[in-house]
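Number of protein chains: 2
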Amino acid sequence: MSIKFAILGFLSWKSFSGYELKKIFADALSFHWSGNNNQIYGSLVELHGSGAVSIEVQQQEKYPARKVYTITEQGRAELRTWLLSEPELPIVRSLAHIQLAWAESLTSEELEGLLASYESQLADQAIMCRETIRRASSTNPGTGIPERSEREILIWRSIDENRAAFFENERAWVRSLRAKLRELQ
Amino acid sequence: MSIKFAILGFLSWKSFSGYELKKIFADALSFHWSGNNNQIYGSLVELHGSGAVSIEVQQQEKYPARKVYTITEQGRAELRTWLLSEPELPIVRSLAHIQLAWAESLTSEELEGLLASYESQLADQAIMCRETIRRASSTNPGTGIPERSEREILIWRSIDENRAAFFENERAWVRSLRAKLRELQ
DNA sequence: CAAAGCATGTAAGCAGTTACATGATTGT
DNA sequence: ACAATCATGTAACTGCTTACATGCTTTG
Numbered sequence: 001m002s003i004k005f006a007i008l009g010f011l012s013w014k015s016f017s018g019y020e021l022k023k024i025f026a027d028a029l030s031f032h033w034s035g036n037n038n039q040i041y042g043s044l045v046e047l048h049g050s051g052a053v054s055i056e057v058q059q060q061e062k063y064p065a066r067k068v069y070t071i072t073e074q075g076r077a078e079l080r081t082w083l084l085s086e087p088e089l090p091i092v093r094s095l096a097h098i099q100l101a102w103a104e105s106l107t108s109e110e111l112e113g114l115l116a117s118y119e120s121q122l123a124d125q126a127i128m129c130r131e132t133i134r135r136a137s138s139t140n141p142g143t144g145i146p147e148r149s150e151r152e153i154l155i156w157r158s159i160d161e162n163r164a165a166f167f168e169n170e171r172a173w174v175r176s177l178r179a180k181l182r183e184l185q
Numbered sequence: 001m002s003i004k005f006a007i008l009g010f011l012s013w014k015s016f017s018g019y020e021l022k023k024i025f026a027d028a029l030s031f032h033w034s035g036n037n038n039q040i041y042g043s044l045v046e047l048h049g050s051g052a053v054s055i056e057v058q059q060q061e062k063y064p065a066r067k068v069y070t071i072t073e074q075g076r077a078e079l080r081t082w083l084l085s086e087p088e089l090p091i092v093r094s095l096a097h098i099q100l101a102w103a104e105s106l107t108s109e110e111l112e113g114l115l116a117s118y119e120s121q122l123a124d125q126a127i128m129c130r131e132t133i134r135r136a137s138s139t140n141p142g143t144g145i146p147e148r149s150e151r152e153i154l155i156w157r158s159i160d161e162n163r164a165a166f167f168e169n170e171r172a173w174v175r176s177l178r179a180k181l182r183e184l185q
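Here the protein sequences come in this chain order: L and U. Under our numbering, the first residue of the first sequence is numbered 1, with each subsequent residue one higher. Under our numbering, the first residue of the second sequence is numbered 1, with each subsequent residue one higher.
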C-alpha cells in the first residue's frame with residue numbers, strides 16, 4: 001500500500017489528524033488517491049501498529065476528539081528507505097483507447113463524435129490543471145506547511161506541470177488522429 | 001469490469017478459447033491487462049451467463065478439451081452500446097512522482113541517482129514500444145485476424161504510438177527536471 | 001430548518017494480482 | 001530428466017472505491 005508512504009510524507013512536514021489527511025488527499029489531484037475513509041484511517045492504524053507514527057488524542061469541547069498523528073524516527077527511516085528504492089514505471093490506463101480500438105463497428109460520424117467528446121474532456125482537464133498550477137504558485141498550498149526549499153517547490157511545480165502536459169499531449173494526439181481520419185475519407 | 005468489453009472486442013473478430021484470449025491480453029501491452037486466469041476465465045463465465053457469448057466445447061485427442069467462445073448478436077449489441085458511451089479520462093499513476101514529491105530528505109546526489117534510474121527505465125520502455133510498432137507494421141498481429149480496414153489499422157498504430165510518445169515525453173520531462181535541478185545548485 | 005463542517009469509523013464490493021493445482025504431451 | 005506448451009480452473013490477497021453510520025455544531 002504505497003499510500004502509506006504518501007501519508008508518511010505529509011506527516012514528515014507536520015503532524016495531522018486523519019480528517020486533515022483525508023482532505024489533503026482529496027485536494028491533491030496529482031496524487032491520484034480519492035482520500036476515502038477506509039484507506040486513510042486504515043493506513044493510519046497500520047502505520048501506528050508498525051510503529052511508524054505515534055498518536056495523541058486531543059479532546060475538544062465542541063467537536064469530536066481528534067487523533068493527531070506524528071511521524072516517529074522509525075517512520076522517517078522507512079520513508080527514506082522507500083524514497084531510495086528503484087522507481088517504478090508509470091501506468092496509464094485509458095478506457096477511451098480501448099473504445100477506439102474497436103470502433104470498427106461505428107460509422108465515421110459516430111467515431112468522430114466519440115473523439116470530439118474525448119478531446120473536449122481532455123481540454124477541460126488541461127485547463128483545470130493549469131488553473132491549479134496558477135493558484136499554487138501564487139498562494140501557499142494551504143495546509144500550513146513550513147518553509148519549503150526552492151528545490152522542493154521546483155519539483156512540486158514540475159509534477160503539476162507534468163500532469164497538465166499529459167492531458168495537453170493526449171489532446172494533441174486526438175486532434176491529429178481526427179485529422180488523419182478525415183484525410184482517409 | 002471493462003475487460004469484458006475488450007474480450008467482446010476480440011471475439012467480434014473471431015472465436016477464441018479462454019487460453020488464446022489469455023495470451024492475446026498478455027501480449028497486447030497497450031491494453032494494460034496482465035491476462036491472468038482469474039480475470040479472463042471469470043469474465044468469460046459472466047459473459048456466458050449474461051448471454052453475450054456462446055460456448056462450444058471441442059474435445060481433442062492429445063490435449064485437454066478447449067472451450068471456444070463465440071460472440072452472440074446480444075454481445076455485439078452490448079459492445080456497440082459501450083463503444084458509443086461517453087469516453088472517460090485516462091488515469092496515470094506514477095509512484096516515481098510520489099517519491100520525487102518527498103525527495104526533500106535526499107541529498108542532491110541521491111535525488112540525481114533516482115532521476116537517472118527513472119530516466120533510463122523510461123528510455124528502455126520507449127524503445128520497446130517503438131520496436132513493437134516496427135514489428136506490428138511489418139507483420140500481421142499474429143492472432144489470425146481477418147482483413148482489417150485501413151481505418152482500423154490507423155487507429156491501432158496510433159494507440160501504439162501514443163504509448164511510445166507517453167514514455168518519450170515522460171523521459172524528456174525527467175531530463176529537463178534534472179537540468180533545472182543542476183542549475184539550482 | 002436544512003445543509004455543511006468536524007471527526008471517527010465500518011460494510012460491502014469491484015478490479016486486479018500472484019501463486020497454486022491438475023495432467024497429458026512435446027521439445028531440449 | 002526437466003522444462004515448456006496446452007488448457008482449465010481456484011485460493012488468497014492487495015488496493016481502492018462508494019456508501020453507510022453516528023452525533024454534535026456552525027452557517028445560511
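A virtual CB, placed ideally from N, CA and C, is assigned to each residue, including glycine.
- For U:Ile98, the chain L residues whose Cβ falls inside 8 Å of its Cβ are Ser2, Phe5, Ala6, Gly9, Phe31, in order along the chain.
- Within chain U, the C-beta atoms nearer than 7 Å to that of L:Glu152 come from Glu104, in chain order.
- Around the CB of L:Gln121, 16 or more other CB atoms lie within 10 Å, so the residue is classed as buried.
- L:Tyr69 carries a strand assignment under DSSP once its states are collapsed to helix, strand and coil.
- Per DSSP, reduced to three states, the secondary structure at U:Gln58 is strand.
- One alpha carbon belongs to U:Leu84, the other to U:Gly51, and they sit about 20 Å apart.
- For L:Gly35, the CB contacts under 6 Å within the same chain, skipping 5 residues up- and downstream, are Lys22, Phe25, Ala26 in chain order.
- With a beta-carbon spacing of about 6 Å, U:Arg175 and U:Glu119 fall inside the 8 Å limit used to define contacts.
- Counting the other CB atoms within 10 Å of its CB gives U:Gln185 a total below 16, which places it among the exposed residues.
- Judged by DSSP in its simplified three-state form, U:Arg178 adopts helix.
- Residues of chain L with a Cβ closer than 8 Å to the Cβ of U:Lys180 are, in chain order, Leu154, Ser158.
- Excluding its 5 nearest sequence neighbours in each direction, L:Trp33 has C-beta neighbours in its own chain below 8 Å: Ile3, Ala6, Phe25, Gln39, listed in chain order.
- In the displayed model, U:Arg148 falls within coil according to three-state DSSP, outside both helix and strand.
- Judged by DSSP secondary structure, U:Tyr41 falls within the alpha helix (DSSP H) whose first and last residues are 37 to 49.
- With respect to chain L, the C-beta atom of U:Leu177 has a partner C-beta closer than 7 Å.
- About 5 Å separates the beta carbon of U:Ile159 from that of L:His97, a gap short enough to meet the 8 Å contact definition.
- By alpha-carbon distance to L:Arg134, the top candidate from L:Val57, L:Glu161, L:Glu168, L:Ala28 is L:Glu161.
- Straight-line measurement puts the Cα of L:Glu20 at about 16 Å from the Cα of L:Gln60.
- The three-state reading of DSSP puts U:Ser17 in strand, counting E and B together.
- Proximity of the stretch 109 to 116 of chain L to the stretch 58 to 72 of chain U falls short of the contact definition, fewer than three beta-carbon pairs being nearer than 8 Å.
- Taking 8 Å as the upper bound on Cβ-Cβ separation, chain U lies near residues Ser117, Tyr118, Gln121, Leu122, Gln125 of the stretch 117 to 135 of chain L.
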